[in-house]
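Residue numbers (the numbering used here), protein chains in the order written: chain A, 106 to 447; chain B, 176 to 721.
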């Protein structure tokens, strides 16, 4: 019963957070200065009539929000307007219908743009995360096992350096190195491959993925390794490990059967939260390697004041972060039954 | 299992490495740091989109690299005596990429389509003088104008001919701009094979093109997010040509025997300017949001002249552009060819003379703080200097200008501003003193000259507030002068006036810097006054190197 209440509570909070993000998202971009219909275009050919027509097409001519006289004394928004005819209401209505609007920049439905980009990001981040976790966990275990030896210090220094490297800079360095070694440095496929068999295309994408994935892996494995190492060291100082050792088990068996499961606990949380954030955190890597993912879409949309794309992308990221937090919470309660009795 | 995976990957690597053979004539790979916003000509704003339109579509005229126009889909043109009716005879046998014939009806449809859509950011503006378009038979188009204008070529050159059988169902309302047009059926020398937005656009040669079928088999434009990566891509041979690069990379690339760097006036004319808010309070467009808070000293031509003489343009070019530019004169850049008045003699860089002019004007340093003051002592010569925050060159230029002007006792308060916010404070609000900005333009000088006219003050395109009835008269004259030589003379005269009045300081005309690999393709058109390797004229003649 307690467990269910805990679960429902968490899910309820997640739902309200998403709702809040949804509303905040809308106003966040509208307080930015400037006019999205011009999007920084400074050209005498762009006539007033054209700008006006563009505003009408995107509904920018409508008031942002009805003033709700009784609710807000400072009267933000215009009052003599039908609340159903405001930008905010149309935004909410569209969202309920699964519509995110039309990109100001490319005139394409935002849903189409994000759908294309999302999978590219998931591919890149997925590969990078898996590698970073595998390498981080193995190195972390090794370092904890060989604690306070030169192996430990070596691993510690490497992971500290890797963790603190600026992503952008590391990407550029790897890009230079890769381009001298025949690796593709931009995009996710060689143009003109669409008629090739699947395996050839997969291989081509794998080649394009190499450098960005490597960058991602290096940046994140350091963090995982450090957490793994310290958490395992904690566990290894517990009495039951001493007991296990006294039973005559080999170090490998102690690690595998007794220490690892408990030591993974903090790591699981970090991974789950990271997964949510890195959806957006790949902005730098995707920009350096021209990887057509969500991060790059955000970067471009910010430059072009493309509110519908930004709204959509932010919503997607918010949902990813909230969901991964929820998953972390739920997993925690499963891994550690003490959590939901508090 | 792991071994199998490794094997599969190796195999895939090997296959992908050799599976890149193009069609006959080879595949030319072009790297650029942008990408089209949309393939729909009605909705497009970015220059990259127009580069692709030029390759995939044809229009009535073609703009040559020397700045002249020649007929494209029309064999001949006949102009009525009053200059209002143009009758075009269209080439027979032109086919769209999908095999359907292109006729005069498609042209009429296209012109009507552009004209009907006020929401098309650019193409609609070129129909401003068109009264009607008729297609009396399949190979005749009659364009009737509302006014006899001298520059019909530059109006029609960007009106890309669309197939009626595809666009007719997208012609009305929002559908016209929301049509994605990924297949881009046109009649041009190249046709679209595959398009991935913000990744690449893959074109193949239209070997049946009526004018000049390309020699290459395929052309691919691939997007890289930064210019530095472009340099690396051409060095490592991942692309065969790059359309832009940072000036800092020129020396490195020049030392590579396989790479040729080309510099010159850009094909698409653009210009950087230093804008002075000189609006007369009487002309303040208060109804359109005019605030007119500019510094009164900038209304004095002598102050602007002194600032011009205190500006070391060559130093700006050497530092900001690493030498790849020419000193600027007026808003009409050298890239406009015959329209550019090269007889104007620039003000000498002379700090002493600048100080003398200011002394004579009574702008003395009354309070001894090192900054000059207004003759009436009301305020010091301290100017707000703003620039768009997305500009790469402006911050460096602002720093240098502020040092140069400080030498004549003028102080600048530097600030980068979001481009949209800058538009808001610029014009028609005139809520600034100095802005570092620039224009993109047409091959015809009318646009940039129009920026100086009184009529454009309320619209916000006149960004200085400059108003000179003599200039306005000349502007109207050149807009209807049908004799080319007379019009050139008028346009040159207008540049002299704008220069004499120091409406702007034009720091420089920036050069285009492009590069191509000599070991891959040859035949690039590089001996022209303007540089644009990705222009149709080059891409139809280049050949793979054997």
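Note that beta-carbon positions come from the ideal geometry of N, C-alpha and C, so glycine has one too.
Residue i bridges to which residues according to DSSP?
i, result
"residue 202 (chain B)", "B:393"
"residue 586 (chain B)", "B:557"
"residue 375 (chain B)", "B:371 and B:397"
"residue 706 (chain B)", "B:441"
"residue 121 (chain B)", "Because chain B in this structure spans residues 176 to 721, residue 121 (chain B) falls outside the shown range and cannot be described."
"residue 685 (chain B)", "B:500"
"residue 422 (chain B)", "DSSP lists no partner for residue 422 (chain B)."
"residue 320 (chain B)", "B:305"
"residue 692 (chain B)", "B:434"
"residue 483 (chain B)", "Per DSSP, none; premise fails for residue 483 (chain B)."
"residue 346 (chain A)", "Per DSSP, none; premise fails for residue 346 (chain A)."
"residue 220 (chain B)", "DSSP lists no partner for residue 220 (chain B)."
"residue 679 (chain B)", "B:450"
"residue 312 (chain B)", "B:315"
"residue 697 (chain B)", "B:718"
"residue 380 (chain B)", "B:365"
Where does the unbroken beta strand (DSSP E) through residue i begin, and where does it stop?
i, result
"residue 340 (chain B)", "It is not in any beta strand (DSSP E) - residue 340 (chain B) instead sits in the alpha helix (DSSP H) that spans 339 to 342."
"residue 333 (chain B)", "Per DSSP, residue 333 (chain B) belongs to no beta strand (DSSP E) and is neither H nor E."
"residue 254 (chain B)", "249 to 254"
"residue 391 (chain A)", "Residue 391 (chain A) -> not in any beta strand (DSSP E); alpha helix (DSSP H) instead, spanning 388 to 393."
"residue 236 (chain B)", "236 to 238"
"residue 246 (chain B)", "244 to 246"
Tell me whether residue i sits in a helix, a strand or coil according to DSSP, three-state version.
i, result
"residue 263 (chain B)", "strand"
"residue 513 (chain B)", "helix"
"residue 571 (chain B)", "helix"
"residue 442 (chain A)", "coil"
"residue 360 (chain B)", "coil"
"residue 416 (chain B)", "strand"
"residue 625 (chain B)", "helix"
"residue 208 (chain B)", "coil"
"residue 380 (chain A)", "helix"
"residue 366 (chain B)", "strand"
"residue 410 (chain A)", "coil"
"residue 638 (chain B)", "coil"
"residue 424 (chain A)", "helix"
"residue 327 (chain B)", "helix"
"residue 613 (chain B)", "strand"
"residue 232 (chain B)", "coil"
"residue 276 (chain B)", "strand"
"residue 435 (chain A)", "helix"
"residue 196 (chain B)", "Residue placement at residue 196 (chain B) is flagged as unreliable, the pLDDT there being 41, under the threshold of 50; the coordinate-derived value follows with that caveat. Reduced to three states, the DSSP call for residue 196 (chain B) is coil."
"residue 471 (chain B)", "helix"
"residue 455 (chain B)", "coil"
"residue 718 (chain B)", "strand"
"residue 410 (chain B)", "helix"
"residue 644 (chain B)", "helix"
"residue 167 (chain A)", "coil"
Provide the residue span of the alpha helix (DSSP H) that contains residue i, from first to last.
i, result
"residue 276 (chain A)", "272 to 284"
"residue 111 (chain A)", "107 to 135"
"residue 316 (chain A)", "303 to 341"
"residue 397 (chain A)", "Looking at the DSSP string, residue 397 (chain A) is not in any alpha helix (DSSP H), and its letter there is neither H nor E."
"residue 161 (chain A)", "153 to 162"
"residue 191 (chain A)", "Segment: none, residue 191 (chain A) is in no alpha helix (DSSP H) and carries neither H nor E."
"residue 594 (chain B)", "594 to 601"
### Query
In chain order, which continuous runs of the alpha helix (DSSP H) of length 4 or greater are located wholly inside the region 213 to 268 of chain A?
215 to 250
### Query
Just by C-beta distance, which residues in the region 384 to 415 of chain B are closer than 8 Å to chain A?
393, 395, 397, 398, 399, 400, 401, 403, 404, 407, 408, 410, 411 and 413
### Query
Which ranges does the beta strand (DSSP E) cover as unbroken runs of at least 3 residues, wholly within the region 501 to 549 of chain B, from first to last along the chain?
none
### Message
Please list, in chain order, the residues of the region 399 to 414 of chain A that have any C-beta partner in chain B closer than 9 Å.
### Response
401, 402, 404, 405, 408, 409 and 410
### Task
Scan the region 370 to 393 of chain A for residues whose Cβ lies nearer than 9 Å to a Cβ of chain B and list them as they occur along the chain.
391, 392 and 393
### Task
For the region 667 to 678 of chain B, enumerate the residues whose C-beta is nearer than 8 Å to any C-beta of chain A, in chain order.
none
#### Entry: Short-range partners of chain B found in the region 266 to 299 of chain A, where Cβ spacing is below 8 Å
277, 280, 281, 284, 285, 287, 289, 290, 291, 292, 293, 294, 295, 296, 297, 298 and 299
### Task
Using a Cβ-Cβ cut-off of less than 8 Å, list which residues of the region 330 to 350 of chain A approach chain B; keep chain order.
none
### Message
Counting only Cβ-Cβ distances shorter than 7 Å, please list the residues of the region 224 to 257 of chain A near chain B, keeping chain order.
### Response
none
### Query
Quick one, which residues of the region 364 to 377 of chain B are near chain A if we go by CB-CB under 9 Å, in chain order?
368, 369, 371, 372, 373, 374, 375, 376 and 377
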